[in-house]
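Here the sequence shown is numbered in the working numbering, starting from 83 and rising by one per residue.
Beta carbons: idealized from backbone N, C-alpha and C, even for Gly.
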Amino acid sequence: MTLSEQLKEELKKAMKSGDAKQTGLLRFLIAQVQNKTKEKFGAKEGALEDVEVLDVLKKEAKKRKEAINLFEQGNRKDLADKEREELALMGKYLPAEIGKDEIRKVVKEIIAAGATDFGKAIKETMA
């Protein structure tokens with residue numbers, strides 16, 4: 083099952099359970115995925131790969147994190163809490179973030195393996 087299909091299934095479950103917040107968030111995310119699909123394929127039929135859907139979700143999560151910071155600076159705790167809640171709901175569709183120590187370990191392993199070109203080392207690290 084693709085990530086896009088998983089979002090649609092989760093939407094059905096949220097609608098059946100009456101969870102308005104989850105339903106609203108999933109509708110929004112599905113709409114963003116559809117917009118990206120239209121942007122990529124135009125009027126042609128096509129579907130995004132899971133990596134592309136994940137990019138859309140990461141972009142939305144980043145927007146939520148930035149909004150939280152701005153709302154906290156503006157002393158709008160209520161809006162910051164709302165964004166935190168949406169971010170938490172989105173968390174189950176996003177991969178777990180790795181820590182700085184794990185990133186350092188991976189980079190050291192790649193450099194020890196003989197990666198001398200910076201571009202190639204970054205590409206391997208990102209993978």
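> By Cβ distance below 8 Å, which residues in the same chain neighbour Leu171 in space, the five residues on each side in sequence not counted?
Replying inline: As a working mapping, residue 171 is identified with position 89 in the sequence shown. These residues qualify, in order along the chain: Lys103, Gln104, Leu107.
>> DSSP three-state label for Leu176, please.
In response: Reading the sequence shown from its first residue, position 94 is the one you call residue 176. Three-state DSSP puts Leu176 in coil, outside helix and strand.
>> Given this structure, state the Cα-to-Cα distance separating Arg146 from Ala125, to the nearest angstrom.
In response: As a working note, residue 146 is residue 64 in the sequence shown. As a working note, residue 125 is residue 43 in the sequence shown. Spanning the two alpha carbons is a distance of roughly 30 Å.
> Exposed or buried, Gly142, counting other C-beta atoms within 10 Å across all chains shown (16 or more means buried)?
Replying inline: Along the sequence shown, read from residue 1 onward, the residue named residue 142 stands at position 60. A quick correction: the sequence has Glu, not Gly, at residue 142. Answer is buried; the Cβ neighbour count reaches 16.
> What do you get for Leu139, buried or exposed, if any count of 16 or more other CB atoms within 10 angstroms of its CB means buried?
Replying inline: As a first step, residue 139 must be located in the sequence shown, where it is residue number 57. It is buried - the Cβ of Leu139 has at least 16 other Cβ atoms within 10 Å.
>> Three Cβ pairs or more, each shorter than 8 Å: is that satisfied between the segment 129-137 and the segment 84-99?
In response: yes
>> Rounding to the nearest angstrom, what Cα-Cα distance links Leu169 and Phe153 in this structure?
In response: Reading the sequence shown from its first residue, position 87 is the one you call residue 169. Reading the sequence shown from its first residue, position 71 is the one you call residue 153. Whole-angstrom Cα-Cα distance: 14 Å.
>> Quick check: what's the CA-CA separation for Ile150 versus Gly173?
In response: Residue numbering aside, residue 150 sits at position 68 when the sequence shown is read from its first letter. Residue numbering aside, residue 173 sits at position 91 when the sequence shown is read from its first letter. Roughly 15 Å separates the two Cα atoms.
> Within 10 angstroms of its Cβ, does Glu92 collect 16 or more other Cβ (buried), or is it exposed?
Replying inline: The residue labelled residue 92 in the question sits at position 10 within the sequence shown. Buried.
> How is Arg186 classed by DSSP in three states: helix, strand or coil?
Replying inline: Here residue 186 is taken as the residue at index 104 of the sequence shown, counted from 1. Correct three-state label for Arg186: helix.
> Helix, strand or coil: which one does DSSP assign to Ala125?
Replying inline: If you number the sequence shown from 1, residue 125 lands on position 43. It is coil, neither helix nor strand.
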